[in-house]
Structure formats: structure tokens, C-alpha cells
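S.K.: Sharing a structure here in C-alpha cells format.
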Amino acid sequence: GLSYCQALFVNVMTALGSLLGVVTVLLMGNNALTNAYLLAFSSGVLIYLAATDLLPPMLRETSWKRAAIRFFIILVGIALIGILQVYHPECDAANVVEGVEDPHAH
Numbered sequence: 098g099l100s101y102c103q104a105l106f107v108n109v110m111t112a113l114g115s116l117l118g119v120v121t122v123l124l125m126g127n128n129a130l131t132n133a134y135l136l137a138f139s140s141g142v143l144i145y146l147a148a149t150d151l152l153p154p155m156l157r158e159t160s161w162k163r164a165a166i167r168f169f170i171i172l173v174g175i176a177l178i179g180i181l182q183v184y185h186p187e188c189d190a191a192n193v194v195e196g197v198e199d200p201h202a203h
């Protein structure tokens with residue numbers, strides 16, 4: 098584990114990273130294209146974190162049955178997110194392509 102000072106430093110750096118993200122969003126403005134790029138970036142970061150945090154223990158698993166169950170649960174989570182995105186009535190990705198500024202304005 099980390100010492101108290103190290104944990105405090107890591108926590109402060111994380112908070113500063115979040116603050117930097119807020120400032121970046123505010124400076125980039127609020128439009129559909131900017132939101133799409135920021136969502137893609139943040140999704141990529143979450144996928145990276147999941148892959149580096151969840152996959153190594155799964156690959157070290159000696160029981161193929163437990164590894165298969167973990168992998169199945171990950172696939173179910175990915176499928177649920179995809180289904181919710183496809184069938185969400187207010188988030189239409191086609192509006193961004195067509196140049197609509199705010200697909201939620203209706």
C-alpha cells in the first residue's frame with residue numbers, strides 16, 4: 098500500500114485531473130460534436146482502465162469455469178450498455194452526422 102503522504106498526493110492529483118477535465122469541457126463549449134468527441138475519449142479511458150484492471154486477474158485464473166463466468170459477465174455489461182444506447186429515445190447518433198447542434202432539444 099501507499100503511505101499517508103503518497104495516498105494524499107495521488108488523491109490530489111486525481112482531483113486536479115478532474116478539474117482539468119471540467120475546464121476543458123467548459124472551454125470547448127457545449128455542442129453535439131464536442132460532446133461526441135469527449136464521450137469517445139472518456140469511453141476509451143474507461144475501456145483502458147477496465148482492460149488493465151479486470152483482464153490480468155482473469156488471465157491468471159486457473160479455473161477455466163470461473164474465467165468463463167467473469168468473461169461472460171463482462172460481455173453482458175457491454176451488451177447492456179450497447180442496448181441502452183441503441184434504444185435510448187433521446188440520443189440519436191444520426192443527428193450529430195446531420196449537423197443538428199443539440200439532439201436533445203425537442
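In the working numbering, the protein residues as written are 98 to 203. Glycine included, each C-beta is placed from N, C-alpha and C at the ideal position.
To the nearest angstrom, report how far apart residue 105 and residue 117 are at their CA atoms.
M.R.: Walking along the sequence shown from the start, residue 105 turns up at place 8. Walking along the sequence shown from the start, residue 117 turns up at place 20. Roughly 18 Å between the two C-alpha positions.
S.K.: Rounded to whole angstroms, what's the CA-CA distance from residue 143 to residue 163? Just pull it up for me.
M.R.: Position 46 of the sequence shown, counted from the start, is the residue given in the question as residue 143. Position 66 of the sequence shown, counted from the start, is the residue given in the question as residue 163. Cα to Cα, residue 143 sits roughly 23 Å from residue 163.
S.K.: What's the gap between the Cα of residue 203 and the Cα of residue 139?
M.R.: By 1-based counting over the sequence shown, the position of residue 203 is 106. By 1-based counting over the sequence shown, the position of residue 139 is 42. Because the pLDDT of residue 203 is 48, which lies under 50, any placement of that residue in the model is unreliable, and the number read from its coordinates should be weighed accordingly. Each residue's Cα considered, the two are about 26 Å apart.
S.K.: Residue 167 to residue 180, Cα distance in whole Å?
M.R.: In the sequence shown, residue 167 corresponds to position 70, counting from 1. In the sequence shown, residue 180 corresponds to position 83, counting from 1. Their backbone Cα atoms lie some 20 Å apart in a straight line.
S.K.: How many Å lie between residue 122 and residue 171 at the Cα?
M.R.: What you label residue 122 is simply residue 25 of the sequence shown in a count that begins at 1. What you label residue 171 is simply residue 74 of the sequence shown in a count that begins at 1. So the alpha carbons of these two residues sit roughly 30 Å apart.
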